[in-house]
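In the numbering used here, the protein residues as written are 496 to 613. So the structure is just underneath, and the comments pick up after that.
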Amino acid sequence: MKNLYNFVLTLVLSLALSLFLPWWSIMLGAFLAGAIVSLKKAAVFVVPFLAISLLWIINAWILANANDFILSKKIAILLPLDGNTTLLLLITGIVGGIAAGIAGVFGNQFKQIMARQQ
């Protein structure tokens with residue numbers, strides 16, 4: 496159940512913060528969610544990773560779909576993806592997920608350090 500709470504909290508915080516902050520606001524959302532909801536073992540990294548990957552893939556798809564994937568196709572050609580926009584969307588999600596996963600681990604570690612000092 497904590498996994499679901501952390502997942503939803505990460506999504507909500509990151510989406511709210513990304514409305515007025517740059518791309519790195521997803522890391523603030525994952526950090527805060529990791530500091531609020533404790534997770535154990537691999538879930539500390541995986542849950543924020545999946546939450547932000549999903550958020551970024553959906554957001555990138557919405558933005559790319561608005562212009563019939565014209566810019567996405569050109570970027571996929573510049574990168575060695577042979578114009579594959581689906582692969583570009585997956586890579587976008589992975590990059591955001593890695594950033595959020597690391598921030599989630601930092602948030603969890605921050606909570607543990609603060610608990611030890613009290």
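Glycine included, C-beta positions come from ideal geometry on N, C-alpha and C.
For the options Trp519, Ser548, Gln613, Thr587, the alpha carbon positioned closest to that of Ile570 is the one of Thr587. Taking the CA atoms as reference points, Pro575 sits about 30 Å from Leu506. Runs of the alpha helix (DSSP H) lying entirely within the segment 518-551 and spanning at least 4 residues, in chain order: 520-531.
In the DSSP annotation of this structure, the continuous segment of the alpha helix (DSSP H) that includes Asn498 starts and ends at 497-513. Taken through DSSP and simplified to helix, strand or coil, Asn579 comes out as coil. With a threshold of 16 other beta carbon atoms within 10 Å, Met496 falls short and is exposed.
By the neighbour-count criterion, in which 16 or more other beta carbons inside 10 Å mark a residue as buried, Met609 falls on the exposed side.
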